[in-house]
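For reference, each letter of the sequence shown is one residue, going 32 to 588 in the working numbering. Glycine included, every Cβ here is placed at the ideal spot set by N, Cα and C. Okay, so here's the structure we're looking at.
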Amino acid sequence: MSRQAAAPAVETKERPGGYQRVLDLIERVGNKVPHPAILFLSLAVAVIILSQILYLADAHISTEVVQPPPAAVQEEYVGGSVLPAEQLPAAPAPAHSYKPVHETVRVEGLLTVQGVRYLFTSFISNFMGFTALGIILIVMIGVGVAEVSGLIASLIRKLVARSPPWSLTYIIVFLGIVSSIASDAGYLVLIPLGAAAFKSVGRHPLAGMAAAFAGVAGGFGVNVLITPVDAVLTEITNESIHLVEPGRSIALTANLWFGIASTVMLTVLLSFISARMVEPRLGRYDPALAPSGEEHPDEPDALAGISPAADARGLRWAGLGLLGVVALILLLTLPPGAPLREPATGAIIGTSPFMDSLIVMITLAFFVMGLAYGRGAGTLKTSGDVIGAVTKSWAGLAGLLLLFLLIAQFIAYFNFSKMPEVAAAWLGDTIENSGVGGVWLLLAAIAITAVVNLIIPQAIAKWALLAPIFIPLFLRLGVGPATVLAAYRVGDSPGNILTPIMAYFPLIVVFASRYDKRSGIGTVIALMLPFFIALTIVWTLFFVVWYLIGIPFGLGT
Numbered sequence: 032m033s034r035q036a037a038a039p040a041v042e043t044k045e046r047p048g049g050y051q052r053v054l055d056l057i058e059r060v061g062n063k064v065p066h067p068a069i070l071f072l073s074l075a076v077a078v079i080i081l082s083q084i085l086y087l088a089d090a091h092i093s094t095e096v097v098q099p100p101p102a103a104v105q106e107e108y109v110g111g112s113v114l115p116a117e118q119l120p121a122a123p124a125p126a127h128s129y130k131p132v133h134e135t136v137r138v139e140g141l142l143t144v145q146g147v148r149y150l151f152t153s154f155i156s157n158f159m160g161f162t163a164l165g166i167i168l169i170v171m172i173g174v175g176v177a178e179v180s181g182l183i184a185s186l187i188r189k190l191v192a193r194s195p196p197w198s199l200t201y202i203i204v205f206l207g208i209v210s211s212i213a214s215d216a217g218y219l220v221l222i223p224l225g226a227a228a229f230k231s232v233g234r235h236p237l238a239g240m241a242a243a244f245a246g247v248a249g250g251f252g253v254n255v256l257i258t259p260v261d262a263v264l265t266e267i268t269n270e271s272i273h274l275v276e277p278g279r280s281i282a283l284t285a286n287l288w289f290g291i292a293s294t295v296m297l298t299v300l301l302s303f304i305s306a307r308m309v310e311p312r313l314g315r316y317d318p319a320l321a322p323s324g325e326e327h328p329d330e331p332d333a334l335a336g337i338s339p340a341a342d343a344r345g346l347r348w349a350g351l352g353l354l355g356v357v358a359l360i361l362l363l364t365l366p367p368g369a370p371l372r373e374p375a376t377g378a379i380i381g382t383s384p385f386m387d388s389l390i391v392m393i394t395l396a397f398f399v400m401g402l403a404y405g406r407g408a409g410t411l412k413t414s415g416d417v418i419g420a421v422t423k424s425w426a427g428l429a430g431l432l433l434l435f436l437l438i439a440q441f442i443a444y445f446n447f448s449k450m451p452e453v454a455a456a457w458l459g460d461t462i463e464n465s466g467v468g469g470v471w472l473l474l475a476a477i478a479i480t481a482v483v484n485l486i487i488p489q490a491i492a493k494w495a496l497l498a499p500i501f502i503p504l505f506l507r508l509g510v511g512p513a514t515v516l517a518a519y520r521v522g523d524s525p526g527n528i529l530t531p532i533m534a535y536f537p538l539i540v541v542f543a544s545r546y547d548k549r550s551g552i553g554t555v556i557a558l559m560l561p562f563f564i565a566l567t568i569v570w571t572l573f574f575v576v577w578y579l580i581g582i583p584f585g586l587g588t
């Protein structure tokens, strides 16, 4: 721990300059925005009214979209429930089954007979189908056991004790970027971990939270590995290519080199912004700002009462538990015909049960490691202690349930109205008719993707709308599909850290309030704005230089 004493910490805030005053103003104004629950309720009402206005105006557009095949849905009454549960196919549609379709998209009014019927009949199913809710509940089973047992606190202590002081930010940002291999787990695990790690070395926890959030969300589109999202994005790209060149395709690794280089560049860039702009503005953290009685079991003081010998024993047992989980996963994955392989092709990476099970694997790993550590360190002695840890972790999410309910309704109403599809197609037509070409057209594609991201944060849904517009257009101009897909990644990710429509944005606001009771939406926006500006400008320039030099974006382009 003594090595961390030299970690940079700002004693006092200097007289703010013009840029800091702007951020302070954004924070003050943003924090006057109503509670996120009221905000999303208002947005849902606004969508209902606006959809009806556009429906009466017959707002529509004709476009090409890439769609998955229809999925058979069966209603089943589970466990005596009076409400039917919709049973979807056990496996998602394979990536190669997405097909281009020409259609005319019209805005649907939510105050028509059909719209009002949807408002009343879909309310429960919208909430039950909100993916973020299920993911956070599942992940918190394992994370809750690991927190209460003291494992996470011990790992944080080891991390900050053994890594050079300057490297902590780089480690957190890098782990945030590569966490996309595990889908949304980075939002739920790494972001609160970043805050706790910074606080443990005397740095502002909100700076650690912001650095982790910038890595997880701002760098979501790239990785040093192939992610599950890559498989679907690549197949949507290929289906869009086949609209004009049926015999041409790109490989799953078409953006691999650009992804690896971008990961390294973004790690350095985001760490620099955190150290030079975000932390100086925050100043030294005052623990009195935390809500009274607020506890953080994931921080080092959770180790109080655990002797070094017990801690070491717990870590050894946790390591053995992790090895056991890894061995089990390998046993279920590596042999030919293993359950976690794709049944038809035997693939492990891409669209496969292995990739679809990453959230469950992470939960299992945290649960087993937390249980093993708790038994070894003596913090979890009975099965009641384990159940209590899970219950405690879920109890801490109670404040999110109403928020998730309203977010689910807003997103469902917005999608039902088809306003996002019409807006995206209109923007795509605008770029096609703009008359510009080459690198300027690529920059326009990045800009349009960034704008669409504000209303459609989901990467796959957005690319399914934009790819049939962008890919044929750029092919006619001699620009390769891999280049267009790389441009899409640059435009897609930075806005994730600023748009409140992104499902996990309200969760970040909740994380911030654990350390500063005054924080709100404005606090998070002001924290993330420097990251957003740097990401947008530097990453775009990085892409342009890469394109102009002519470096391959990956393999199989």
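Judged by DSSP secondary structure, MET400 falls within the alpha helix (DSSP H) whose first and last residues are 389 to 408. A Cβ-Cβ contact shorter than 7 angstroms links ALA349 with MET400.
In this structure, the beta-carbon distance from SER302 to VAL232 does not fall below 7 angstroms. Contact check for PHE584 against ASN286 passes: the beta carbons are separated by less than 7 angstroms. The shortest C-alpha to C-alpha distance from TRP471 to any of TRP494, ILE539, VAL576 and TYR218 is the one to VAL576. Counting only unbroken stretches of 4 or more residues, the alpha helix (DSSP H) elements lying wholly within the region 406 to 482 are 414 to 426, 429 to 448 and 450 to 463, in sequence order. Judged by their CB atoms, VAL247 and SER293 are not nearer to each other than the 7 angstroms cut-off. In the structure shown, the three-state DSSP call for GLU139 is coil. By the Cβ test, the region 492 to 501 is in contact with the region 260 to 275, since at least three Cβ pairs between them sit closer than 8 angstroms. Between the region 473 to 480 and the region 510 to 527 there are three or more inter-stretch CB-CB distances shorter than 8 angstroms, so the stretches are counted as touching. In the displayed model, SER153 falls within coil according to three-state DSSP, outside both helix and strand. Beta-bridge annotation (DSSP): SER93 is paired with THR135. Going by C-alpha positions, HIS273 is about 29 angstroms away from GLY250. Taking SER198 as reference, the option from PRO531, ALA543, THR298 and ILE208 with the minimal CA-CA separation is THR298. DSSP places ALA285 in the coil class of the three-state scheme, outside both helix and strand. ALA238 counts as buried, since no fewer than 16 other beta carbons sit within 10 angstroms of its beta carbon. LEU508 has its alpha-carbon roughly 20 angstroms from the corresponding atom of GLY587. With a cutoff of 7 angstroms on beta-carbon distance, PHE562 and ALA226 are scored as not near each other. The three-state secondary structure of GLY526, taken from DSSP, is helix. About 11 angstroms separates the beta carbons of PHE445 and PHE71, which is beyond the 8 angstroms limit, so they are not a contact pair.
Distances from the alpha-carbon of GLY553 to those of TYR535, LEU529 and ALA534 put LEU529 closest. DSSP places SER210 in no alpha helix (DSSP H); its state is neither H nor E. Relative to the Cα of PRO277, the nearest Cα in the group ALA557, LEU506, VAL483 and ASP547 belongs to LEU506.
For VAL555, the enclosing alpha helix (DSSP H) starts and ends at 552 to 580.
Going by DSSP, ILE539 is part of the alpha helix (DSSP H) stretching over 536 to 544.
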